[in-house]
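I have placed the structure first, in the form of structure tokens, so that the comments after it can refer back to it.
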Amino acid sequence: MSASASVAAEVVKAQQRSIAIEVECLSASYRVRLDAPNLRADLRNLFTRRRDTVRIVPALRDVSFTVPRGSVLAVIGRNGAGKSTLLRVMCGVLAPEAGRVVVRGRLNLLRPGLGMSDALTGRENIRLGGLAVGIPEERLAELTDVIAEFAQLDEYIDFPLRTYSTGMRMRLGVAVAAHLDPEILLIDEALTGGDTAFQAHVAQRLDELCGQGRTIVLVTHGLSSVKRMATEALWLHQGQVAALGDPDDVVARYMRYCRLESVDLEFDDQ
Amino acid sequence: MTGDALGAPAETPPDPTTARPDDGPAVLGAAATLPDRPRQRSTRRERRGARRGRGSGQPPSSARQGNGSVEGLGGYSDTEYVFEADSNVSTPLVPYVRALWERRRFMLELARADLRGKQSSTTMGRLWGVLDPLLQAGIYYMLFTIIRQGVRPTEFLHVLIGGIFLFQLALSAITEGGRSIRNSKNLMLNSTFPRALFPITTVWRGVLKFGPAVPVYAAFYIGLQAPVDWGLLLLPMLFAVQVVLMVGLALLVSTLVVFVKDAGNAVQYIGRVLFFTTPVIYPLASVPEGIRDVLSWQPFFALFACYQQVLDGDVPGLGLLIQAPLWAGGLLVVGTRVFLRHERELAIRL
Chain A
1 MSASASVAAE
11 VVKAQQRSIA
21 IEVECLSASY
31 RVRLDAPNLR
41 ADLRNLFTRR
51 RDTVRIVPAL
61 RDVSFTVPRG
71 SVLAVIGRNG
81 AGKSTLLRVM
91 CGVLAPEAGR
101 VVVRGRLNLL
111 RPGLGMSDAL
121 TGRENIRLGG
131 LAVGIPEERL
141 AELTDVIAEF
151 AQLDEYIDFP
161 LRTYSTGMRM
171 RLGVAVAAHL
181 DPEILLIDEA
191 LTGGDTAFQA
201 HVAQRLDELC
211 GQGRTIVLVT
221 HGLSSVKRMA
231 TEALWLHQGQ
241 VAALGDPDDV
251 VARYMRYCRL
261 ESVDLEFDDQ
Chain B
1001 MTGDALGAPA
1011 ETPPDPTTAR
1021 PDDGPAVLGA
1031 AATLPDRPRQ
1041 RSTRRERRGA
1051 RRGRGSGQPP
1061 SSARQGNGSV
1071 EGLGGYSDTE
1081 YVFEADSNVS
1091 TPLVPYVRAL
1101 WERRRFMLEL
1111 ARADLRGKQS
1121 STTMGRLWGV
1131 LDPLLQAGIY
1141 YMLFTIIRQG
1151 VRPTEFLHVL
1161 IGGIFLFQLA
1171 LSAITEGGRS
1181 IRNSKNLMLN
1191 STFPRALFPI
1201 TTVWRGVLKF
1211 GPAVPVYAAF
1221 YIGLQAPVDW
1231 GLLLLPMLFA
1241 VQVVLMVGLA
1251 LLVSTLVVFV
1261 KDAGNAVQYI
1271 GRVLFFTTPV
1281 IYPLASVPEG
1291 IRDVLSWQPF
1301 FALFACYQQV
1311 LDGDVPGLGL
1321 LIQAPLWAGG
1331 LLVVGTRVFL
1341 RHERELAIRL
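Residue numbers (our numbering), protein chains in the order written: chain A, 1 to 270; chain B, 1001 to 1350.
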């Protein structure tokens, strides 16, 4: 009896280990403060318990799914659907309002351009980005060269960031994001922006990471890359799961919803 | 809300609660297997988890190892984070401090970068770091020689200038430290490192900025033939007390400013009040005894009274020497507690 119980427990444990992220009945919301229209309203807010100017905006409502280890989950949906919020809750930046998230493995939220400082050169920014996510000093020097090469900025890598164009900034940001590689990556819009050649470059890097067995959750508007890279897709609509499953199927339904059937996907990635 | 922009949507998104089971061929495993758990709030189990450093709202130290060990699917570490709905959990202190300590290089470099950002794009660049205290000292020298005509202006000047430099640094904990969380919205929402890093970095930045003022002031001090004796050795210790005080205040005020937005506006007035109630522009001896007792209920009072006496060649009284670190330590404890208690809510309120 006890032997079978322990076997069962082992099986459950093994199952758990194969799952990287579990999201259960997750809800999250933001507090938004609006301006009072006039002085009278300001005074009323001050002296009464009614807070007309504070709104709770639900960003996620009852979202549940799991991400197995080694898989790539693409999260799609329109602007304001709650995609970025989902990622933020998954890495503990925002506390859930209800439900829970379990993450098994070292994780990082990657968002290009994080912690960039205008006064520093490209190379110094790479260093700062690395330190921000806790890359040890000794690995940083070697990694900086790799990232600098990936960003394809040539001699501009030693120019201060304030001299960069938007595209160059983006390239540097993506290059840093794509190389700080924990076990679970949450990537927010890293594929958008940049020229076509660079996008292919980034996509290749992500493929490489998938090949190494990393679990990736990818928020993107590039539907063709969803179809190509993702093993599963999640369509969020107004904070709720609209569809979840096979990427081709989910993308097709999302496109039907957006009336995008006739649009060439190749242009969609821009 | 989003569908409207497109006109009538071709297909309304199905309600997830009803549509999921028979919707889509390859529904991800868990949605089907998940038990219908009641929503939980602030249960004991969650608290325990948080104390073990699992659900603290930050995935702090473990991400540090970065890469290298992960080769293929089997290479996952045992790290596990649980994020649950529970706003009553205070972030555990020890792992938190460790995670902060691991980011010390980042804090240093961020402080440096901020400082450089403020000074870059000017022709003189870093020279301003030295020029700024020099010009300020000059202005106060001018002011006091004019106001106190004929009353040997050099008598109090060395104390005054030193006090003003140090006070400006102390005040930056409230002004810049206080805004540190509110002004870092972008980093706050897109990064996972411990949030106390922001207020502490501003304190660090203040100290870095203060650096060039030290030789400038030393030159002034010697030039004004102020007393040089062993008592000056107390200065580094008093400065350490000041840094602790600043960290405590920055943690406390930065949390307050996020929750009560109006506190941000009040800060400048509080700063002004602190300036006039701290013995900086007047000698401690000129304050009547009764008023001194009242003023000593102000966090900066004891520290700056000590500074003033040391700079004037005296040894501060034991009472003041005890009071100053007590204020600093007390504020550090209160600031840390308040900050950790509310850390998880900060991002939502920004």
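Cβ coordinates follow ideal geometry from the N, Cα and C atoms, glycine included.
These figures come from a predicted structure and were not determined experimentally.
Where residue i meets chain D, residues with beta-carbon distance less than 9 Å
{"i": "residue 1193/B", "result": "Absence of chain D from the displayed structure is noted, the protein chains being A and B."}
Straight-line gap, residue i to residue j (C-alpha atoms, nearest Å)
{"i": "residue 1258/B", "j": "residue 56/A", "result": "16 Å"}
{"i": "residue 14/A", "j": "residue 68/A", "result": "12 Å"}
{"i": "residue 251/A", "j": "residue 171/A", "result": "27 Å"}
{"i": "residue 105/A", "j": "residue 20/A", "result": "7 Å"}
{"i": "residue 150/A", "j": "residue 175/A", "result": "6 Å"}
{"i": "residue 230/A", "j": "residue 1078/B", "result": "25 Å"}
{"i": "residue 1107/B", "j": "residue 1250/B", "result": "15 Å"}
{"i": "residue 1339/B", "j": "residue 1179/B", "result": "14 Å"}
{"i": "residue 1326/B", "j": "residue 1242/B", "result": "11 Å"}
{"i": "residue 241/A", "j": "residue 248/A", "result": "16 Å"}
{"i": "residue 236/A", "j": "residue 1348/B", "result": "20 Å"}
{"i": "residue 1316/B", "j": "residue 102/A", "result": "56 Å"}
{"i": "residue 186/A", "j": "residue 1312/B", "result": "58 Å"}
{"i": "residue 258/A", "j": "residue 86/A", "result": "21 Å"}
{"i": "residue 35/A", "j": "residue 1332/B", "result": "34 Å"}
{"i": "residue 226/A", "j": "residue 1330/B", "result": "54 Å"}
{"i": "residue 1298/B", "j": "residue 184/A", "result": "49 Å"}
{"i": "residue 1166/B", "j": "residue 1328/B", "result": "15 Å"}
{"i": "residue 1290/B", "j": "residue 1279/B", "result": "15 Å"}
{"i": "residue 1173/B", "j": "residue 1253/B", "result": "9 Å"}
{"i": "residue 1062/B", "j": "residue 1222/B", "result": "Only weak support is given to the placement of residue 1062/B: the predicted model assigns it a pLDDT of 34, under 50, and the value that follows is read from those uncertain coordinates. Rounded to whole angstroms, residue 1062/B to residue 1222/B spans 50 Å at the Cα level."}
{"i": "residue 89/A", "j": "residue 31/A", "result": "15 Å"}
{"i": "residue 1246/B", "j": "residue 1175/B", "result": "11 Å"}
{"i": "residue 1183/B", "j": "residue 110/A", "result": "20 Å"}
{"i": "residue 1104/B", "j": "residue 1163/B", "result": "29 Å"}
{"i": "residue 144/A", "j": "residue 127/A", "result": "7 Å"}
{"i": "residue 1098/B", "j": "residue 1193/B", "result": "12 Å"}
Three-state secondary structure assigned by DSSP to residue i
{"i": "residue 237/A", "result": "strand"}
{"i": "residue 1194/B", "result": "coil"}
{"i": "residue 106/A", "result": "coil"}
{"i": "residue 185/A", "result": "strand"}
{"i": "residue 218/A", "result": "strand"}
{"i": "residue 230/A", "result": "coil"}
{"i": "residue 1134/B", "result": "helix"}
{"i": "residue 29/A", "result": "strand"}
{"i": "residue 1282/B", "result": "coil"}
{"i": "residue 1347/B", "result": "helix"}
{"i": "residue 244/A", "result": "strand"}
{"i": "residue 1164/B", "result": "helix"}
{"i": "residue 252/A", "result": "helix"}
{"i": "residue 91/A", "result": "coil"}
{"i": "residue 1188/B", "result": "helix"}
{"i": "residue 1242/B", "result": "helix"}
{"i": "residue 1323/B", "result": "helix"}
{"i": "residue 198/A", "result": "helix"}
{"i": "residue 1203/B", "result": "helix"}
{"i": "residue 1103/B", "result": "coil"}
Residues bridged to residue i (per DSSP)
{"i": "residue 24/A", "result": "100/A"}
{"i": "residue 134/A", "result": "Paired residues: none, contrary to the question."}
{"i": "residue 121/A", "result": "160/A"}
{"i": "residue 1083/B", "result": "101/A"}
{"i": "residue 19/A", "result": "68/A"}
Original post:
Can you list, in chain order, the stretches of the beta strand (DSSP E) that have 3 or more residues and sit fully within the region 32-85 of chain A?
Top reply: Secondary structure in the region 32-85 of chain A: the beta strand (DSSP E) runs of 3 residues or longer, each lying completely within the stretch, are 54-68, 72-76 in chain order.
Original post:
For the region 90-102 of chain A, which residues have a CB atom closer than 8 Å to at least one CB atom of chain B, in sequence order?
Top reply: So the list reads 90, 91, 92, 93, 94, 95, 96, 97, 98, 99, 100, 101, 102, given in the order they occur along the chain.
**OP:** Give the residues from the region 118-130 of chain A that approach chain B closer than 9 Å (Cβ to any Cβ), ordered along the chain.
**Re:** Cβ contacts with chain B: 118, 119, 120, 124, 125, 127, 128, 130.
Original post:
Going along the chain, which residues of the region 1102-1115 of chain B sit with their C-beta nearer than 8 Å to a C-beta in chain A?
Top reply: Result list: 1102, 1103, 1105, 1106, 1109, 1110, 1113, 1114.
Subject >> Near-chain A residues of the region 1164-1189 of chain B - C-beta to any C-beta below 7 Å >> reply: Answer set for the region 1164-1189 of chain B: 1187, 1189.
Original post:
Listed from N- to C-terminal order along the chain, which residues in the region 25-41 of chain A have their beta-carbon within a distance smaller than 7 Å of any beta-carbon of chain B?
Top reply: Along the region 25-41 of chain A, the positions whose C-beta sits under 7 Å from a C-beta of chain B are 25, 30, 31, read in chain order.
**OP:** Could you name the residues of the region 1241-1266 of chain B whose beta carbon sits closer than 8 Å to any beta carbon of chain A, in the order they occur along the chain?
**Re:** Hits within the stretch, in order: 1261.
Subject >> Where the region 1076-1100 of chain B meets chain A: residues whose CB sits under 7 Å from a CB there >> reply: Those residues of the region 1076-1100 of chain B that come within reach of chain A (Cβ to Cβ, closer than 7 Å) are 1076, 1077, 1079, 1080, 1081, 1082, 1083, 1084, 1085, 1087.
Original post:
Between the region 136-161 of chain A and chain B, which residues of the former have a C-beta closer than 8 Å to a C-beta of the latter?
Top reply: Per Cβ criterion, the list reads 136, 137, 139, 160.
Original post:
Got a sec: which bits of the region 163-194 of chain A sit with their beta carbon under 8 Å from any beta carbon on chain B, in order along the chain?
Top reply: Hits within the stretch, in order: 180, 181, 182, 183, 188.
Original post:
Relative to chain A, which residues along the region 1125-1145 of chain B have a C-beta separation below 7 Å, given in chain order?
Top reply: Answer set for the region 1125-1145 of chain B: empty.
Original post:
Using a beta-carbon distance cut-off of less than 9 Å, what residues from the region 1327-1348 of chain B approach chain A?
Top reply: When C-beta distances to chain A are compared with 9 Å, the residues of the region 1327-1348 of chain B below that value are 1344, 1345, 1347, 1348, in chain order.
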